[in-house]
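*Asks:*
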Amino acid sequence: MDQLINYTLFLADNALIMGHRNSEWCGHGPILEQDIAISNIALDLIGQARNFYQYAATLIGNNATEDSLAYLRDVKEYKNCLLVEQPNADWAQTVLKQFFFSTFQYYLYQQLQNNNDEQLKAIAAKALKEVTYHVRWSSEWVIRLGDGTEESKKRIVKAVDELWMFTGELFEPASYELNTNIDFIFLKENWNKRIRSIFAEATIDVPAETSWHQSGGKIGNHSEHLGFILAEMQFLQRAYPNSEW
Amino acid sequence: MVETTNISVEKIWKILETVTDPEVPVLSIIDLGIIRDVKSKRDEIEIFLTPTYSGCPATDAINMNIRMGLLENGFSKIKITQQLSPPWTTDWMTEKGKQKLKAYGIAPPHSKQIVCSPDSFQKEEAIQCPQCNSYSTRLISHFGSTACKALYQCNDCKEPFDYFKCH
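Chains A and B, in that order, give the protein sequences. Last residue of the first sequence? That's 245 in this note's numbering, and every number before it is there in order. Last residue of the second sequence? That's 167 in this note's numbering, and every number before it is there in order.
(1) Name the DSSP beta bridge partners of residue 164 (chain B), please?
(2) By the criterion of Cβ-Cβ separation under 9 Å, what are the contact partners of residue 33 (chain B) in chain A?
(3) Taking residue 25 (chain B) as the reference, which of B:132, B:75, B:105 and B:54 has the closest Cα?
(4) For residue 96 (chain B), I'd like the list of residues in its chain whose CB is within less than 7 Å of its CB, leaving aside the five on either flank, ordered along the chain.
(5) Return no unless some Cβ of chain B is closer than 8 Å to the Cβ of residue 206 (chain A).
(6) Whose C-alpha, out of B:139, B:150, B:133 and B:15, is nearest the C-alpha of residue 67 (chain B)?
(7) Taking DSSP as the reference, what is the three-state secondary structure of residue 123 (chain A)?
(8) Compile a chain-ordered list of the residues in the segment 136-153 of chain A whose CB is closer than 8 Å to at least one CB of chain C.
(9) Quick one: residues in its chain with C-beta nearer than 6 Å to the C-beta of residue 1 (chain B), no 5 flanking neighbours on either side, listed in chain order?
(10) In this structure, does DSSP put residue 2 (chain B) in helix, strand or coil?
(11) Taking its Cβ as the centre, do 16 or more other Cβ atoms sit within 10 Å of residue 42 (chain A), making it buried, or is it exposed?
(12) Based on the DSSP output, what are the partners of residue 154 (chain B) in its beta bridges?
(13) Mind checking who residue 170 (chain A) pairs with in its DSSP beta bridge?
(14) Give me the DSSP bridge partner(s) of residue 48 (chain B).
(15) Does the beta carbon of residue 185 (chain A) sit closer than 8 Å to a beta carbon anywhere in chain B?
(16) Leaving out five residues on either side along the sequence, give the residues of the same chain with a beta carbon under 8 Å from the beta carbon of residue 128 (chain B).
(17) Count the other CB atoms, across all protein chains shown, that sit within 10 Å of the CB of residue 196 (chain A); report buried if there are 16 or more and exposed otherwise.
(18) Quick one: list the residues of chain A neighbouring residue 143 (chain B), beta-carbon separation under 9 Å, in chain order.
(19) By how many angstroms is the C-alpha of residue 156 (chain B) removed from the C-alpha of residue 113 (chain A)?
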């Protein structure tokens with residue numbers, strides 16, 4: 001039971017933190033259409049997070065709610081991977097982060113929609129339809145920037161340098177992922193294949209697979225950035241407990 | 001004792017037809033295909049509702065409007081159950097709903113939709129302009145004013161318009 005709860009929280013935390021990062025772009029997008037696009041993606045992800053938190057809350061019992069799980073857990077209790085908590089830099093880094101993460105979600109949910117757990121299965125099948133649009137949108141941006149101008153190419157290559165080290169963690173199962181029937185080798189192969197094909201189209205080099213990777217987020221060892229996200233996101237519930245609006 | 005009275009269930013469906021989507025007010029929630037089932041047990045009514053998108057902010061407003069609509073008609077014991085599976089699809093939108101959308105200026109989802117795939121820069125389906133009926137239109141953004149819509153522009157009459165996208 002603890003494993004299922006932790007796994008559900010891991011799925012929820014990933015979606016929430018990525019969604020929160022995207023929401024930071026709301027009103028700041030480079031053009032209106034893309035501002036709307038990334039805010040829409042944020043909305044999808046926060047919706048997915050809510051579904052996972054609601055399910056985790058029913059598994060936990062003890063008056064846990066989706067809100068208590070999102071607003072009252074501390075940094076160490078969050079299980080999201082390090083990739084999603086990385087601060088937004090420029091547009092290239094933002095769309096690349098989305099591309100890495102959405103591609104991961106896409107292949108993960110494809111497996112999860114055939115899981116033994118009825119609720120995880122239902123949430124994944126629903127979310128997969130949304131993630132399909134996210135993969136498409138972010139892939140197109142990676143190609144557009146990579147195969148674009150000298151400046152856009154420089155920026156997307158820099159983003160690859162900065163973010164690649166956070167992708168290895170996605171495929172290193174934490175203890176609560178071991179009984180999930182997720183085939184990590186297949187997941188990684190699929191992910192790699194799509195990254196390679198999009199990078200080829202974008203004329204960007206794929207870093208060596210043997211390069212060093214950062215990990216720890218899945219077991220609560222986060223970068224300093226997550227604390228700042230939670231400080232902002234949780235302030236209201238911490239200062240005014242149980243407030244609703 | 002479980003008792004199902006067909007008459008009251010039919011009446012509930014009629015009431016639900018008057019509840020509209022706050023984001024697209026010409027569509028009733030029945031047109032939208034998000035009401036999956038209605039059951040009644042004595043004086044309690046259970047409504048099974050599926051959200052269009054996981055994060056659709058209209059869902060909470062719709063739940064409230066369902067309660068209001070039923071309360072106004074004298075039903076007070078109402079349970080709304082979220083049903084995620086099978087996931088909502090635009091195929092569940094009624095023909096009547098599609099016509100209403102078009103009249104409202106939103107291109108309705110294609111009935112024979114191409115399966116959505118993540119492939120980049122794929123060839124788009126020709127979407128008909130709801131204003132001048134031209135098929136010469138272009139995609140501006142996959143993401144429109146709400147999660148369920150994409151933004152298009154007509155090459156002939158130049159009007160920008162929303163397309164209720166394939167899902």
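Even glycine gets a Cβ: it sits at the ideal position worked out from N, Cα and C. From a predicted model like this one, the values you see are computed outputs, not experimental measurements.
*Replies:* Based on what the coordinates show:
(1) Your numbering for residue 164 (chain B) matches position 164 in the second sequence. Under DSSP, residue 164 (chain B) takes part in a beta bridge, and its partners are B:149.
(2) Looking up residue 33 (chain B) in the second sequence gives position 33. Residues of chain A with a Cβ closer than 9 Å to the Cβ of residue 33 (chain B) do not exist; the shortest Cβ-Cβ separation is about 14 Å.
(3) Residue mapping note: residue 25 (chain B) aligns to position 25 of the second sequence, counting from 1. If we check each option's Cα against that of residue 25 (chain B), B:105 comes out closest.
(4) Position 96 of the second sequence, counted from the first residue, corresponds to residue 96 (chain B). A distance below 7 Å between beta-carbons, with the five flanking residues on each side excluded, links residue 96 (chain B) to the following residues of its chain, in chain order: 31.
(5) Position 206 of the first sequence, counted from the first residue, corresponds to residue 206 (chain A). False, the Cβ-Cβ gap to chain B never drops below 8 Å.
(6) In the second sequence, counting from the first residue as 1, residue 67 (chain B) sits at position 67. Considering only B:139, B:150, B:133 and B:15, the residue with the shortest C-alpha distance to residue 67 (chain B) is B:15.
(7) Position 123 of the first sequence, counted from the start, is the residue given in the question as residue 123 (chain A). Assignment of residue 123 (chain A) by DSSP, reduced to helix, strand and coil, places it in the helix class.
(8) Judged by its chain identifiers, the structure shown contains no chain C, and its protein chains are A and B.
(9) Numbered from 1 along the second sequence, position 1 holds the residue referred to as residue 1 (chain B). Any reading at residue 1 (chain B) needs caution, since the residue's pLDDT is 43, under 50, leaving its predicted position unreliable; the model's value is listed next. No residues qualify anywhere along the chain.
(10) The sequence position of residue 2 (chain B) within the second sequence is 2, counting from 1. Because residue 2 (chain B) sits at a pLDDT of 47, beneath the cut-off of 50, its placement in the model cannot be relied upon, and the following sentence gives the value as read from the coordinates. Note: residue 2 (chain B) maps to coil in three-state DSSP.
(11) Taking the first sequence and counting its residues from 1, the one referred to as residue 42 (chain A) is at position 42. Buried.
(12) Working through the second sequence from its first residue, we reach residue 154 (chain B) at position 154. DSSP links residue 154 (chain B) through a beta bridge to B:137.
(13) Sequence index remark: in the first sequence, residue 170 (chain A) carries index 170 (1-based). According to DSSP, which records beta bridges pairwise, residue 170 (chain A) is partnered with nothing at all.
(14) Counting from one through the second sequence, the residue named residue 48 (chain B) turns up at place 48. As computed with DSSP, residue 48 (chain B) is found in a beta bridge with B:37 and B:81.
(15) For this step, residue 185 (chain A) is matched to residue 185 along the first sequence. Not one chain B Cβ lies under 8 Å of residue 185 (chain A).
(16) Within the second sequence, numbered from 1, the residue matching residue 128 (chain B) stands at position 128. Close CB contacts of residue 128 (chain B) within its chain, under the 8 Å cut and outside five residues either way in sequence, are with 107, 134, 135 and 137 (chain order).
(17) Along the first sequence, one-based indexing puts residue 196 (chain A) at 196. Counting Cβ neighbours within 10 Å, residue 196 (chain A) comes out exposed, since fewer than 16 surround it.
(18) Taking the second sequence and counting its residues from 1, the one referred to as residue 143 (chain B) is at position 143. Against chain A, the beta carbon of residue 143 (chain B) has neighbours under 9 Å at 33, 34, 36, 37, 38, 39, 40, 41, 133 and 137, listed in chain order.
(19) Working through the first sequence from its first residue, we reach residue 113 (chain A) at position 113. Working through the second sequence from its first residue, we reach residue 156 (chain B) at position 156. Residue 113 (chain A) and residue 156 (chain B) have their C-alpha atoms spaced approximately 43 Å apart.
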